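Novice: Numbering (the numbering used here), first residue to last: 5 to 171.
For every residue, glycine included, the Cβ atom is placed at its ideal position computed from N, Cα and C.
Treat the numbers as computed from the prediction; the structure is a model and nothing was measured.
1. Among residues of its own chain, excluding the 5 on either side of residue 111, which ones have a beta-carbon nearer than 7 Å to its beta-carbon?
2. What is the DSSP secondary structure of residue 27, reduced to helix, strand or coil?
3. Alpha carbon to alpha carbon, what distance is there between residue 170 and residue 64?
4. Using a Cβ-Cβ cutoff of less than 6 Å, which residues in the same chain neighbour residue 103 once the five nearest sequence positions on both sides are dropped?
5. Leaving aside the five residues before and after residue 131 along the sequence, list all residues of the same chain whose C-beta is less than 6 Å from its C-beta, in chain order.
6. Look at the Cβ atom of residue 56, then the Cβ atom of residue 40, and state whether they are nearer than 9 Å.
7. Can you name the start and end residues of the alpha helix (DSSP H) that residue 100 belongs to?
8. What is the residue span of the beta strand (DSSP E) that residue 3 lies within?
9. Please tell me whether residue 29 and residue 45 are closer than 9 Å, where the distance is taken between their beta carbons.
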């Protein structure tokens, strides 16, 4: 892919820089902007990745632009800090069944009002598909308090609810 490669064997670090058209192997990357970079076994923190290919890398507090992570781990306890900003065309290219499975996994909520993926898809053409799955898979407990709040929901939203628990 890239004409040059940097291999640091886990000891090297790039910080506060812009890197283009290169392959990074086992490198710590902090506060950098990466363009068209292939990452293998890297740890990336607080960086922006444009059209990159991260493989088997840990990424925390970073933003992706037109980047598809493969076998890459965001910090499990810090996923809310990861901002995945790929084109929705990545999801559109997936089979509808696979997209549905991803949405079902990401949109199930426990004591959370708005799953982040649903908020991120507002205004996107996949929002309608995601909101339908959101209403289908999540239970909506009703009590006297929640009934009062439901008066603000649109008829369209109410018609999509499929799972109701009455307390």
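Specialist: Per the coordinate set shown:
1. The residue given as residue 111 occupies position 107 in the chain shown. These residues qualify, in order along the chain: 119, 121, 122, 134, 137, 138, 141.
2. The residue you call residue 27 lines up with position 23 of the chain shown. Reduced to three states, the DSSP call for residue 27 is strand.
3. For this step, residue 64 is matched to residue 60 along the chain shown. For this step, residue 170 is matched to residue 166 along the chain shown. Put simply, the backbone Cα of residue 64 is about 40 Å away from that of residue 170.
4. Residue 103 sits at position 99 when you count from the first residue of the chain shown. Closer than 6 Å at Cβ, skipping near neighbours: 95.
5. Translated into the one-based positions of the chain shown, residue 131 becomes position 127. If we look at residue 131 and ignore the five residues flanking it on each side, its Cβ neighbours are 125.
6. Along the chain shown, one-based indexing puts residue 56 at 52. Along the chain shown, one-based indexing puts residue 40 at 36. Taking the C-beta atoms as reference points, residue 40 is found nearer than 9 Å to residue 56.
7. Position 96 of the chain shown holds residue 100. From DSSP, the alpha helix (DSSP H) with residue 100 extends over 100 to 111.
8. No answer is possible for residue 3: it lies beyond the span of the chain, which begins at 5 and ends at 171.
9. Translated into the one-based positions of the chain shown, residue 29 becomes position 25. Translated into the one-based positions of the chain shown, residue 45 becomes position 41. Taking 9 Å as the Cβ cut-off, residue 29 and residue 45 qualify as a contacting pair.
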